[in-house]
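In this note's numbering, the protein residues as written are 12 to 141.
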């Protein structure tokens, strides 16, 4: 009986000690042999610029045809609030929510449609005829 109790206490301690020793050895090896070939992915800002955001259409809440709910903050767009509409998919969001999202991601938050770069070229043929 005493042998079983000692084994029940000794074996887990022995296993934890072995894991701790392996961990210390790995830490020593990592600090003693630094690797210089680490590839770090550069951070690229792929969002829209403020000038591109200004080219997107802006409406008020009363002019919206679709459901007046902002998918970014999940709040309703009231009739007097400004809303930004994404061309192509016509999803609408609060002006601040859309600008914050689109300055980081060039995608619609609802359907993930990529905004076409042709939308940001100021020319008469790219203007909406409606």
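Glycine included, C-beta positions come from ideal geometry on N, C-alpha and C.
- About 7 Å separates the beta carbons of residue 64 and residue 114, which is inside the 8 Å limit, making them a contact pair.
- Residue 102 is positioned such that its CB atom lies no closer than 8 Å to that of residue 84.
- With fewer than 16 other Cβ atoms inside 10 Å of its own Cβ, residue 76 counts as exposed.
- When the Cα atoms are used, residue 105 and residue 51 turn out to be separated by approximately 36 Å.
- As a beta-bridge residue in DSSP terms, residue 95 pairs with 69 and 104.
- If you draw a straight line from the Cα of residue 81 to the Cα of residue 108, it comes to about 8 Å.
- Going by C-alpha positions, residue 98 is about 15 Å away from residue 74.
- Judged by DSSP secondary structure, residue 14 falls within the alpha helix (DSSP H) whose first and last residues are 13 to 43.
- Pairing residue 69 with residue 90 gives a Cβ-Cβ distance that is not under 8 Å.
- Rounded to whole angstroms, the separation of the alpha carbons of residue 110 and residue 118 is 12 Å.
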